[in-house]
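See structure below.
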């Protein structure tokens, strides 16, 4: 992977997000930085790797930043952003204007100074379909914050100071939304450091939250920095990892009744300096493994190395002794797992800082056995990011019927986020079925999905999922430029370059997967090509432009605004 300037870019980083900022279908890298440094964005390309972005509001509003979360907040089909800050600095709120161009919003209650924030997450906390913002604080008043979406599509929020979610003080760190009670309504777990009790909030009815004093999680008063949800034993219930700084990490197993029970022997190392965490199937064998970052000490010269744990298939973990993570030490905070080089295996990115001389790291996964499948979910507006969706993948692995579950989250672990979902399939060459429960409660099934590809699942599409490259991304030599302008008012242009003659077909579709127009179909010669998309007869909204070049398919989103 080519990441120019990353190795020489020594920043005071806290969070990392691996998301598609400009809607081109490829993952980009985002790092937040403290000490008044600008955030960093690396855009993913085709054969050129990743390119550092040096301009724009998102990368030129330096603060003392910690966590960040990305989601479609205004329902227009692209990712907006929130970046929280410590030392009383205001939270930074950004609207995506299209193609990854962000405008900072400087008015409204979210941007009022005075918070000492650690991280944040987007979630629909009142059941109106729009994503709200929850922020954890570890200083100042020690009161967390909740901002409700105005539901106007204008990226406007109202501060909710009376909600149960913000009535309890603590030195809060991680924010982990999940429906662990399995009643169709998301719940919330908040981790606290300094021996404050962790806080499990149950949503009784839409917008009606209660702190669960009876939960084992509430009775936990460790120095918990990070929390990550994952179905570690493939029983369909979300289990919860707790990373405790200076103590032994913990695993809570969920039951079908919604109870969280502490696992007495999960296999974790004692007395670690855990800070960030992420579940992922690192070896594509059909179960979730775990990465835990290590960092921070009273001695600024004391270094630690991150650790990986291997799952035995039953949710029991053992140290992955030859993971290679012990080859580099320092202080790591947020982390994220995603397939950056599109080879089907999860890579690791860590946000790091120790005395301001350590670069962030990208660890490439060198394993090469085991089939896989990846999913990009697009929900109906306003929650097109599908935050809160659940994906179940049914397959046969090692002769056993296996059901793997993933959730789309606004935050995972301390200061980490990935929206694309990855599932290892072992020796299986297909998923027998893929079942998605969308945030609004509707459920759909896709049958007989071949392995080793990235699949786009559109809400309302059912068995008509679009496949983004059966054998990976568009072939080298075919370069598809982002739709320009985007958003567009009446017309926009689609541009591509080819180094060989091949058949190209381009279609315009709605979010339900229905073909609206055939824009191009036929053999095209070597060189640059461009065509116009006329939207004068269409209604405002988000549309898909699908491009098939030879045996490969790719897609982009185009937002029509009238």
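Numbering (the working numbering), first residue to last: 1349 to 1910.
Heads up, the beta-carbon is just placed ideally off N, CA and C, and yes, glycines get one too.
Contact annotation: residue 1908 and residue 1883 have beta-carbon atoms nearer than 8 angstroms.
Residue 1384 and residue 1826 have their C-alpha atoms some 40 angstroms from each other. Here residue 1660 is exposed, its C-beta having fewer than 16 other C-beta atoms within 10 Å.
Within the DSSP secondary-structure output, residue 1764 pairs in a beta bridge with 1364. Excluding five sequence positions before and after residue 1586, the CB atoms of its chain that fall closer than 8 angstroms to its own CB belong to 1526, 1527, 1528, 1577, 1578, 1579, 1602, 1753, 1755, given in chain order. Counting only the Cα atoms, residue 1784 lies some 35 angstroms from residue 1571.
Rounded to whole angstroms, the separation of the alpha carbons of residue 1566 and residue 1615 is 22 angstroms. Annotation: the segment 1824-1890 contains the following complete segments of the beta strand (DSSP E) (minimum length 3 residues), in chain order: 1826-1828, 1839-1846, 1850-1857, 1863-1872, 1875-1882.
Taken through DSSP and simplified to helix, strand or coil, residue 1674 comes out as helix. Note that the segment 1758-1771 touches the segment 1621-1634; at least 3 beta-carbon pairs, one per stretch, sit closer than 8 angstroms. Closest by C-alpha distance to residue 1904, out of 1848, 1418, 1835, 1711, is 1835. Shown here for residue 1449: same chain residues with a beta carbon closer than 7 angstroms to its own, the five before and five after excluded, namely 1404 in chain order. Counting only the Cα atoms, residue 1424 lies some 19 angstroms from residue 1374. Within the same chain, 1494, 1496 come within 6 angstroms of residue 1508 by CB-CB distance, once the 5 residues on both sides are set aside. The beta carbon of residue 1648 sits closer than 8 angstroms to the beta carbons of 1702, 1703 from its chain, once the five residues preceding and following it are set aside; these are given in chain order. The secondary-structure analysis by DSSP pairs residue 1618 with nothing; it has no beta-bridge partner. Positions of the beta strand (DSSP E) runs, each at least 3 residues long and wholly inside the segment 1617-1697, are given as 1622-1628, 1637-1642, 1655-1659, 1665-1667, 1680-1686 in order along the chain.
In this structure the segment 1668-1681 lies against the segment 1637-1651, because at least three pairs of beta carbons, one per stretch, are closer than 8 angstroms. Under the DSSP definition of a beta bridge, residue 1770 partners with 1722. Going by C-alpha positions, residue 1652 is about 8 angstroms away from residue 1621. The segment 1484-1493 and the segment 1790-1806 do not touch, with fewer than three beta-carbon pairs separated by less than 8 angstroms.
Boundaries of the beta strand (DSSP E) harbouring residue 1600: 1598-1602, taken from the DSSP string.
Note on geometry: alpha-carbon atoms of residue 1398 and residue 1699 lie some 17 angstroms from one another. The beta carbon of residue 1713 lies closer than 7 angstroms to those of 1630, 1693, 1694, 1695 in the same chain, with the five residues before and after it left out. Across the set 1857, 1881, 1886, 1853, the C-alpha of 1853 shows the shortest separation from the C-alpha of residue 1870. Within the model, the alpha-carbon separation for residue 1790 versus residue 1605 is close to 22 angstroms.
By the neighbour-count criterion, in which a residue is buried when 16 or more other Cβ atoms sit within 10 angstroms of its Cβ, residue 1662 is exposed. By the Cβ-count criterion, residue 1772 is buried, with 16 or more other Cβ atoms from all chains shown falling within 10 Å of its own Cβ. In the structure shown, the three-state DSSP call for residue 1407 is helix.
Spanning the alpha carbons of residue 1429 and residue 1592 requires a straight line of approximately 28 angstroms. Secondary structure at residue 1458: helix, using DSSP grouped into helix, strand and coil. Linking residue 1684 to residue 1376 through their CA atoms gives a straight-line distance of about 12 angstroms.
From the listed residues 1678, 1370, 1656, the smallest Cα separation to residue 1644 is found for 1678.
As summarised for the segment 1474-1498, the continuous beta strand (DSSP E) elements at least 3 residues long and confined to that stretch are 1480-1485, 1493-1497, given in chain order. No Cβ-Cβ contact shorter than 8 angstroms links residue 1415 with residue 1454. Assignment of beta-bridge partners to residue 1786 by DSSP yields no partner.
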